[in-house]
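A.B. asks: Let me give you the structure first, and then I'll get to my questions.
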Amino acid sequence: MNKAGMVLGAVLAAPLLGALPAEAQITYQTLQDPGTTTTGVTGIRGDNITGSYSSMGGLLYRIDTGQFQPYPVATANGANFPGAQSSQPYSPTFGSPNGILRAVGTFTPTGGSADSSYIWDNAAAPGQQATILNVPGAFNTIAHSQFGNQVVGNFNTTSNTGTIFNYNIANGSFTTSACRVRRARRPTASGRTGSPAALAWAGATPSSTTRRPAPSRSTTRPARA
Numbered sequence: 076m077n078k079a080g081m082v083l084g085a086v087l088a089a090p091l092l093g094a095l096p097a098e099a100q101i102t103y104q105t106l107q108d109p110g111t112t113t114t115g116v117t118g119i120r121g122d123n124i125t126g127s128y129s130s131m132g133g134l135l136y137r138i139d140t141g142q143f144q145p146y147p148v149a150t151a152n153g154a155n156f157p158g159a160q161s162s163q164p165y166s167p168t169f170g171s172p173n174g175i176l177r178a179v180g181t182f183t184p185t186g187g188s189a190d191s192s193y194i195w196d197n198a199a200a201p202g203q204q205a206t207i208l209n210v211p212g213a214f215n216t217i218a219h220s221q222f223g224n225q226v227v228g229n230f231n232t233t234s235n236t237g238t239i240f241n242y243n244i245a246n247g248s249f250t251t252s253a254c255r256v257r258r259a260r261r262p263t264a265s266g267r268t269g270s271p272a273a274l275a276w277a278g279a280t281p282s283s284t285t286r287r288p289a290p291s292r293s294t295t296r297p298a299r300a
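Quick note: to get the numbering used here, add 75 to the position in the sequence shown (first position is 1).
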């Protein structure tokens, strides 16, 4: 086929194949809180991006203004949470700091070594904006997500780590779930379909571990006809 035939074939085939989708154009923007060496972000919604600088003080970046500000509230030591030596907000809602913006976060009290959590509601009356969260019996409480009246996080006790909690804002109650994640093993050459731990997590018992049946083998060759 000559070049003219190839071009014509391509033109005729184009309507059948349809237009190829254009590649998505992604624009990256570097965020750096002025005067700090490290800036991290933890959540975004609407014009609000939460984060912290140098793992010490909470920040809010407003996309509409392009400005950082201490969040939830500026403090003299730079922790940006009252009575804390460090803090970090997460999971902002829509709204502005002067309106209905709400976020959750963690903080380490001054002189302490364990984390507590908070809900900060900018729409609440002054002095009533912070709700402190500590799961009963836990030495670490880390809230990291929220939606509607629900706050989700994890906590540590002396016997368990990484246990899930849900906090209901409407009634002020905690629900916890001791859910451990175990990695299942791939089938091995011996035919084992899973480790006892993986099977126990799936609801089976170690005794129910199964092996693939061995292929049947003939001990004698069939006689020739």
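The beta carbon of each residue, even a glycine, is placed where N, CA and C say it ideally should be.
(1) For N26, tell me which candidate among N215, V227, N246, D108 has the shortest Cα-Cα distance.
(2) In the DSSP assignment, the beta strand (DSSP E) including L106 goes from what residue to what residue?
(3) Straight-line CA distance for F156 to A97?
(4) Roughly how many angstroms lie between the CA atoms of A259 and T250, to the nearest whole one?
(5) Assuming Q225 and N241 are in contact, meaning their beta carbons sit under 8 Å apart, how far apart are those beta carbons, in whole angstroms?
(6) Kindly indicate which residue of A198, A151, Q104, D108 has the alpha-carbon position closest to the one of T185.
(7) What residue range is occupied by the uninterrupted beta strand (DSSP E) comprising I217?
(8) Measuring only the C-alpha atoms, how far is L176 from G115?
(9) Which runs of the beta strand (DSSP E) spanning at least 3 residues fall entirely within the region 132-193, listed in chain order?
(10) Near H219, what residues of its chain come up, given a Cβ to Cβ distance below 6 Å and the 5 sequence neighbours on each side ignored?
(11) Can you find the residues in the same chain that come closer than 7 Å, C-beta to C-beta, to G153, ignoring five residues on each side of it along the sequence?
(12) Of all the options G158, N231, I244, Y128, which has the alpha carbon lying nearest to the alpha carbon of S252?
(13) Would you identify the three-state DSSP class for D196, choosing helix, strand or coil?
(14) DSSP three-state call for S234: helix, strand or coil?
(15) A189: buried (16+ other C-beta within 10 angstroms of its C-beta) or exposed?
C.D. replies: Well, looking at it:
(1) Outside the modelled stretch of the chain, which goes from 76 to 300, sits residue 26, for which no answer is possible.
(2) Element bounds for L106: n/a, residue is neither H nor E.
(3) Answer to the nearest angstrom: the Cα atoms are 46 Å apart.
(4) Because A259 carries a pLDDT of 41, less than 50, the predicted location of this residue cannot be relied on, and the following value inherits that uncertainty. Looking at the two C-alpha atoms, the distance is approximately 27 Å.
(5) At roughly 6 Å, the Cβ-Cβ gap stays under 8 Å, so Q225 and N241 are in contact.
(6) Selected option, being the one with the closest Cα: A151.
(7) Counting along the chain, the unbroken beta strand (DSSP E) around I217 starts and ends at 215-222.
(8) Cα to Cα, L176 sits roughly 20 Å from G115.
(9) DSSP runs (the beta strand (DSSP E)) wholly in the region 132-193: 132-137, 142-145, 159-165, 177-184.
(10) Within the same chain, H219 has close Cβ partners Y165, G228.
(11) For G153, where only same-chain residues beyond five positions count, the Cβ hits under 7 Å are M131, G132.
(12) Of G158, N231, I244, Y128, the residue nearest in Cα terms is N231.
(13) DSSP places D196 in strand when its eight states are reduced to three.
(14) Residue state for S234 is assigned as coil, using DSSP reduced to three classes.
(15) Under the 10 Å beta carbon count, A189 is surrounded by fewer than 16 other beta carbons and is classified as exposed.
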